[in-house]
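Here's the structure we're looking at; comments come further down.
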Amino acid sequence: RQIVFATNNAHKLSEARQILQPLGIDVLSLADINCHTDIPETGTTLDENARQKAVFIKEHYGYDCFADDTGLEVDALNGAPGIYSARYAGPGHDSQANMHLLLKNLEGKQNRRARFRTVVALIEGSKVTMTSGECPGYVTTEPAGSEGFGYDPVFRPDGFEITFAQMDSSQKNAISHRGRAMTKLAAILACRR
Ligand code: ITT
């Protein structure tokens, strides 16, 4: 079956495809449905934002779809950047700036405990189904690795001595927040056939 992934993030798309395509789920991008707009994201939780993005695409383009909202929650920063992960350093700043601001705000802090959390909203017809995935770990003191995207160079998942950016995408997918959420999504979609 085919399903649209309501994201403008090409890295998210390729991670999702790596899990879903081998299971026979064809993941279409927004470009594939000729959508080139920014999707509004004004919620106060990952749940709200994921739902809002999926509903927007369903309402404006008519496609069944799913959306992913992801945040990095850092204990010593009371859960920041959280839902603001994409715009932590302010509008117009890229993910390099976000990552460096995070390292700066954690300078000298002993507690570097953090977790990535992904919430996925699936919309089929008028029915919304939510699923999620988490990956606990630590924020490192300096970036390492060149794979992945976003905060990957400074996030070391529990049980590993390397960052997400030092893993290949299949290794990251096997343990990551998004990998876990997409695996659950695949199980839900498999039940529909
Ligand atoms: P869409 O809303 O279009 O899906 P986005 O990049 O704006 O794309 P989010 O609103 O979920 O996505 O923002 C989350 C930000 O957190 C994202 O921009 C990345 O910088 C970062 N991020 C998300 N997933 C990540 C991952 O697996 N590894 C590292 N950083 C990640």
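Everything in the sequence shown is counted per UniProt numbering, starting at 2 for the first residue and increasing by one.
C-beta: ideal position from N, C-alpha, C; glycine also.
A quick note: this is a predicted structure, and the numbers were derived from the prediction, not measured.
- When D69, V129, R114 and H37 are compared, the shortest CA-CA separation from L78 is found for R114.
- Taken atom to atom, the span from the alpha-carbon of A7 to that of I189 is near 17 Å.
- Those residues having their beta-carbon less than 5 Å away from any non-hydrogen atom of ligand 1 are, in chain order, T8, N9, N10, D70, T71, S86, A87, S96, G151, Y152 and D153.
- Where C136 is concerned, there is no enclosing alpha helix (DSSP H), although the beta strand (DSSP E) around it starts and stops at K128 to V140.
- Looking at the backbone, the Cα of G83 and that of G25 are separated by about 32 Å.
- Secondary structure of I176 (DSSP, three-state): helix.
- By the neighbour-count definition (other C-beta atoms within 10 Å, threshold 16), I163 is an exposed residue.
- Look at the stretch 5 to 84 and you find these whole runs of beta strand (DSSP E), each 3 residues long or longer: 27 to 29 and 66 to 75.
- The three-state secondary structure of L107, taken from DSSP, is coil.
- Excluding sequence positions up to five before and after G134, its CB lies within less than 6 Å of the CB of T119, H178, R181 and A182, all in the same chain and listed in chain order.
- Under the three-state reduction of DSSP, P92 is assigned to coil, being neither helix nor strand.
- A contact is defined here as three or more CB-CB pairs under 8 Å, and the stretch 45 to 55 meets this definition with respect to the stretch 67 to 74.
- Nearest neighbour of R18 by Cα position, chosen from T184, D76 and R193, turns out to be T184.
- The shortest C-alpha to C-alpha distance from Y62 to any of V5, N174 and Y85 is the one to V5.
- C136 sits buried, since 16 or more C-beta atoms from the chains shown fall within 10 Å of its C-beta.
- Of Q111, G93, Y85 and Y64, the smallest CA-CA separation from L123 is found for Y64.
- Cβ-Cβ separation between K173 and G149: approximately 6 Å, consistent with a contact (criterion under 8 Å).
- Under the criterion of beta carbons closer than 8 Å, L104 and V155 qualify as touching, at roughly 6 Å.
- One Cα belongs to G93, the other to L47, and the distance between them is close to 21 Å.
- Remark: C-beta atoms of D27 and Q3 approach each other more closely than 7 Å.
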